[in-house]
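S.K.: The sequence shown begins at 1055 in my numbering and counts up one residue at a time. Pasting a structure here, questions to come.
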Amino acid sequence: MTAMIDAMDSKVLVLNKSWMAVDVTKVWKAIHKVITGRAMFVDPVSHVTYEWEDWILNWDDASMMAKRSAGKTLPVGGIFELVVPEIIVCTEYAGRGYKMSTRRPKFSRTNVYRRDRNRCQYCGGKFKTDSLNLDHVIPKSKGGEMSWENIALACIPCNSKKENRTPEQAGMRLIRQPFRPKAEDLSINPMDKLLRKVGDSPMKTWEQFLGKMYVDKAMSKMYWEVELKD
1055 MTAMIDAMDS KVLVLNKSWM AVDVTKVWKA IHKVITGRAM FVDPVSHVTY EWEDWILNWD
1115 DASMMAKRSA GKTLPVGGIF ELVVPEIIVC TEYAGRGYKM STRRPKFSRT NVYRRDRNRC
1175 QYCGGKFKTD SLNLDHVIPK SKGGEMSWEN IALACIPCNS KKENRTPEQA GMRLIRQPFR
1235 PKAEDLSINP MDKLLRKVGD SPMKTWEQFL GKMYVDKAMS KMYWEVELKD
């Protein structure tokens, strides 16, 4: 029973009509999409597509089942074992899969950089990520908190000039007061959302649909996505 629950909770990569990765869903949702005709199963090796009936017939072949014996299967009506899909492709949907979230954004380095658009909030210059620091507007030593309203991006020269002082004490002025953003303030890239769903250990068969972008972002994900705390 536990194995069946694990199989149903497995992740399935969703491709749009153009075979672009747009989402990650649970097995039972993927199966429902296929049964209702909104998607087809994709053989993870050959990329041949199958409708519900064809998928069952294909995996009923003993030689094919032997090749897939290491994969997860689901018992169907006590009659046969259904091989759990790894990829499905939508038959009609051609979009990118995401609507803007209405949830409050997490307070993380990534989201602070997004809110401030990689601009130093003192001199206004735009910099590469590694040339900016998170600055406590009111320093920690003066009671400043690690919060949306007290953290701003600062370039290294401005950060060094300000030191352990308030902007007023340092004779500096913020171009914009730090604030708690809404989702639309962050203009989150849909691909970033997809990569979060993919997680740190994608299936090998997904990699060609995710490409180098996944490898590059996954390496720094833990550092950038961890929730900020004092």
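Glycine is no exception: its CB is placed at the ideal position from the N, C-alpha and C atoms. Here the structure is a predicted model, which means the values were calculated and not measured.
Taking 8 Å as the cut-off, decide whether the C-beta atoms of D1077 and L1248 are in contact.
M.R.: Yes, the pair counts as a contact, with Cβ atoms nearer than the cut-off.
S.K.: Can you tell me whether DSSP reads D1097 as helix, strand or coil?
M.R.: DSSP places D1097 in coil when its eight states are reduced to three.
S.K.: Could you please give the first and the last residue of the uninterrupted beta strand (DSSP E) stretch that includes L1264?
M.R.: Element bounds for L1264: not the beta strand (DSSP E) but the alpha helix (DSSP H), E1261 to L1264.
S.K.: Please confirm whether any heavy atom of the ligand GDP lies closer than 7 Å to the CB of C1212.
M.R.: Annotation note on the ligand GDP: not contained in the displayed structure, which lists no ligands.
S.K.: Under 8 Å: do the stretch 1101 to 1109 and the stretch 1154 to 1170 share three or more Cβ pairs, one atom per stretch?
M.R.: Not touching, per the Cβ criterion.
S.K.: Kindly provide the ranges of any beta strand (DSSP E) runs that are 3 or more residues long and lie completely inside the stretch 1163 to 1208, ordered along the chain.
M.R.: Within the stretch 1163 to 1208, the complete beta strand (DSSP E) runs of at least 3 residues are 1186 to 1190.
S.K.: Span of the beta strand (DSSP E) holding L1240?
M.R.: Note, L1240: premise wrong, no beta strand (DSSP E); alpha helix (DSSP H) at A1237 to L1240.
S.K.: Can you tell me where the beta strand (DSSP E) with K1216 in it begins and where it stops?
M.R.: Looking at the DSSP string, K1216 is not in any beta strand (DSSP E); the run it does join, the alpha helix (DSSP H), is I1210 to K1216.
S.K.: Note down the Cα distance separating A1204 from T1220, rounded to an integer number of angstroms.
M.R.: Residue identity check: residue 1204 is Asn in the sequence provided, not Ala. Distance between the alpha carbons of N1204 and T1220: 11 Å.
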